[in-house]
Amino acid sequence: GGEIRALVEFGEVRASRFAAAVAAPGELPFRRLLVVSAGDAAALDREVVRQTGAAAIRRLGGRQVKTLAFWLGGLPAALGGEAGSGGAADAAVVHQLVRGLVEGAYDAGTIYRGTLPTTPPALETVTIVVTGGDATALAAEGRRAIVIGEGANTARTLANRASNDVSPAVLADEARALAEANGLFRS
């Protein structure tokens, strides 16, 4: 116990926005503890929550991580909702956090070079701890965030590819492949 307090006292964890530290978990039942600061609660908004998720996954770049768990703590309340009520604030935090994880894992350097030593890990499981709330609805919100984040990353890949690599015909082929993959194309 007291690992987070010890990290704060040592100066490893700061209150500045997106500051992150990886530490031993002390007596907690997992291998590592990742602490990411969202900054001043009074300035917290949905974008900050999304960027906090991105900061978390980027901090784990180059590491072999398959499972990640988040404790939301006071984030829903800081967005103006009642934490654990299952309301809009819980759903907003889950959505933005998951979307941040997906978008934060994007690495444009991998387009032509494959995985790099600093590439964020490909997570297999993400657990978000919420006190109360409708687990089914929150899980659905998380899945929705994955779809939106993956869509953003696909657009980023197309935008980051070399102009001589993405002609109008290639862009049309990419659009058709996406539509077919999602059941949106009829020939």
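Residue numbers (the numbering used here): 86 to 272.
For every residue, glycine included, the Cβ atom is placed at its ideal position computed from N, Cα and C.
No experiment lies behind these values; they were computed from the predicted model shown.
Alpha-carbon to alpha-carbon, residue j and residue i
i	j	result
residue 263	residue 136	27 Å
residue 250	residue 153	36 Å
residue 178	residue 146	23 Å
residue 104	residue 93	11 Å
residue 221	residue 198	39 Å
residue 118	residue 112	11 Å
residue 159	residue 259	41 Å
residue 107	residue 208	17 Å
Under 9 Å between C-beta atoms of residue i and residue j
i	j	result
residue 194	residue 210	no
residue 233	residue 184	yes
residue 187	residue 235	yes
residue 196	residue 242	yes
Delimiting residues of the alpha helix (DSSP H) encompassing residue i
i	result
residue 223	220-245
residue 270	That residue, residue 270, is in no alpha helix (DSSP H); it is neither H nor E in DSSP.
residue 92	88-95
residue 141	131-144
residue 179	173-189
residue 163	160-163
Own chain residues within Cβ distance below 8 Å of residue i, not counting five before or after
i	result
residue 149	206
residue 261	270
residue 134	123, 160, 164, 177, 178, 181, 182, 185
residue 100	122, 124, 125
Residues of its chain near residue i, where Cβ-Cβ distance is below 6 Å and the 5 sequence neighbours each way are ignored
i	result
residue 156	214
residue 192	204
Residue range of the beta strand (DSSP E) that includes residue i
i	result
residue 211	210-214
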